[in-house]
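Below is one structure; the comments refer to it alone.
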Amino acid sequence: MSTSGFSPSQHQASTLYLPPGSWATVLDCLCEHFPAIAREQWLDRIARGRVLDSNGHPIRLDLAYKEGLCIYYFREVPNEKVIPVQETILYADEHLVVADKPHFLPVTPAGEYVEQTLLRRLIRRLGNPALVPLHRIDRHTAGLVLFSANPASRAAYQQLFPTRRIDKFYEAIAPALPDLTFPLVHKSRLVDGEPFFRMQEGPGASNTETAVEVREKHGDLWRYGLFPVTGKKHQLRVHMNALGASICNDPFYPDVIKDAKDDYANPLKLLAQGVRFIDPVSGHERSFYSEITLDW
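Taking our numbering, I'd label the letters of the sequence shown as residues 2 to 297.
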């Protein structure tokens, strides 16, 4: 965040501090720094006020280059693919928004997704550019995502997560594990895996913990309740795989399915099903539950 008060996260803007070089203008620097984006595209973005200075004001085409200058810009994906799923707003007040995210919809802009994300869709629907997600779930996972709707109360809600004052519960469908005794608690150390987008268990003190119970048995498949104490990337997917029951339709675990296409009829069978916490603003207990169900 700049000292001017402009908040790039609030406006969903990306930040660039201009690298060392000998360019004449900021435009020249942007063109060389982002070779995949044509000069004509940068000219168009600047003309539409989509490139800002450190105060949040649109830059001029002739703005002089200066090493370390802070520039904000808005990512755009030409011909972005529409994701044919619909989110549901379960609750909204002046401080908090709770949404039910369908499978395959990213929470925030990344890679090839900008407008087709839960955040951007909710901003458009609610007319509130101050929305910020309080936590994340994977694109492949469905279920609850909480958003801060008010910068004044944001820190209070954000603190629910690192202080573990919020209970999260998930549901998954995976192969049966008749040789294990449930309920159980699985602890391990998660580290970066290969390829870069995966996680794996490694040696050392545990940094993740998940409680697991069996809710329903259906032949070779069981419905599990998952209760993460910690919230590491891919934690539930890695833990279930480590137990010997990778979650059904997982494109990353146990092995990466190369060139996997989004199969809307067969999503990852993982659902962020519910949350429970004491509201830091009202002091009341809050409970929210997803309306999505996992079919066998």
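All C-beta atoms in this analysis are idealised placements derived from N, C-alpha and C, irrespective of residue type, glycine included.
Could you compute how far the alpha carbon of D45 sits from the alpha carbon of A266?
The residue labelled residue 45 in the question sits at position 44 within the sequence shown. The residue labelled residue 266 in the question sits at position 265 within the sequence shown. The straight-line gap from Cα to Cα measures roughly 39 angstroms.
Could you tell me which of P134, P204 and Y171 sits nearest to T142, measuring between CA atoms?
One-based indexing of the sequence shown puts residue 142 at position 141. Selected option, being the one with the closest Cα: Y171.
Among the residues of its own chain, which have a CB less than 6 angstroms from the CB of R199, if the five just before and after it don't count?
Locating residue 199 in the sequence shown gives position 198, where the first residue counts as 1. The answer, listed in chain order, is F253.
Quick check on D45: does DSSP put it in helix, strand or coil?
As a working note, residue 45 is residue 44 in the sequence shown. The answer is helix: DSSP assigns D45 an H, G or I state.
If you follow the beta strand (DSSP E) that Q160 is in, where does it begin and where does it stop?
Here residue 160 corresponds to residue number 159 of the sequence shown, with the count starting at 1. That residue, Q160, is in no beta strand (DSSP E); it is neither H nor E in DSSP.
Please give the ranges of any beta strand (DSSP E) in the segment 145-223, keeping only runs that are unbroken, at least 3 residues long and fully inside the region.
167-176, 185-193, 200-203 and 209-219
Return the chain-ordered ranges of every beta strand (DSSP E) run that is complete within the segment 210-293 and spans a minimum of 3 residues.
222-229, 271-279 and 286-290
Which of the three DSSP states is assigned to D29 in this structure?
For this step, residue 29 is matched to residue 28 along the sequence shown. Correct three-state label for D29: helix.
Between the segment 126-143 and the segment 96-110, do three or more beta carbon pairs fall short of 8 angstroms?
Yes: the two stretches touch, three or more of their Cβ pairs being nearer than 8 angstroms.
Taking the beta carbon of T4 as the centre, do at least 16 other beta carbons fall within 10 Å, making it buried, or is it exposed?
Here the question's residue 4 lines up with position 3 in the sequence shown. Confidence at T4 is low in this model, with a pLDDT of 44, below 50, so the placement of that residue is unreliable and no value is reported for it.
Looking at the secondary structure, which residues open and close the beta strand (DSSP E) in which L97 lies?
Position 96 of the sequence shown, counting from 1, holds the residue named residue 97. From DSSP, the beta strand (DSSP E) with L97 extends over L97 to K102.
If you check the beta carbons only, do L269 and V239 fall under 8 angstroms apart?
In the sequence shown, counting from the first residue as 1, residue 269 sits at position 268. In the sequence shown, counting from the first residue as 1, residue 239 sits at position 238. No, the Cβ-Cβ distance between L269 and V239 is not below 8 angstroms.
Just to check my reading of the structure: L178 and A246 have Cβ atoms closer than 8 angstroms, yes? What is that Cβ distance to the nearest angstrom?
As a working note, residue 178 is residue 177 in the sequence shown. As a working note, residue 246 is residue 245 in the sequence shown. So it is a contact: roughly 5 angstroms between Cβ atoms.
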